[in-house]
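Asker: Be aware that the sequence shown starts at 11, since it is given in the numbering used here, and climbs by one per residue.
Glycine included, each C-beta is placed from N, C-alpha and C at the ideal position.
Fair warning: this is a prediction, and the values are worked out from it, not measured in the lab.
Got a structure for you, written out below as structure tokens; questions coming shortly.
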Amino acid sequence: MTAKYAIYKGLQKPLIYRGFKGKFIYWGIGSLAGGLILGGLIGALTSMYLGGFLTIALIAAGLGYTFFRQKDGLHSKTRNTGVIIHPVHLKINHAARKKNSI
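Okay, structure coming up:
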């Protein structure tokens with residue numbers, strides 16, 4: 011009689027955090043960190059109010075961009091519409107063709 015053991019097969023579901031899936035979680039964290047760093051730097055160099063406004067604007071723009079890129083899926087694919095015709099560039103040497111057919 012053979013013993014059976016349970017095998018752990020991972021999560022079996024994609025990783026989702028607050029609506030962001032997979033690699034887009036890291037994109038969201040990057041946009042948060044980038045917005046804070048750039049906004050803080052601009053706030054330190056100019057004024058606190060401008061820095062605070064730009065921090066919020068940069069974070070919102072980064073998260074919005076990430077959200078809309080997520081709709082395309084985890085892999086960025088070129089989606090062509092219409093009919094695509096690939097040209098054929100075959101050079102046939104008629105003398106060699108006749109020689110091979112004999």
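Would you say the segment 47–59 touches the segment 88–97, given that touching needs at least three Cβ pairs under 8 Å?
Answerer: Verdict: no, contact absent.
Asker: Can you give me the Cβ contacts of residue 46 inside the same chain, cut-off strictly under 8 Å, excluding the 5 residues immediately before and after it?
Answerer: Here the set comprises 65 and 69.
Asker: Assign residue 31 to one of three DSSP states: helix, strand, or coil.
Answerer: Looking at residue 31 - three-state DSSP - the assignment turns out to be strand.
Asker: Looking at C-alpha atoms only, which residue of 32, 61 and 15 is the closest neighbour of residue 44?
Answerer: Comparing Cα positions, the closest option is 61.
Asker: Apart from the five residues on each side of it in sequence, which residues of its chain come closer than 8 Å, Cβ to Cβ, to residue 31?
Answerer: Around residue 31: 24, 25, 80 and 84.
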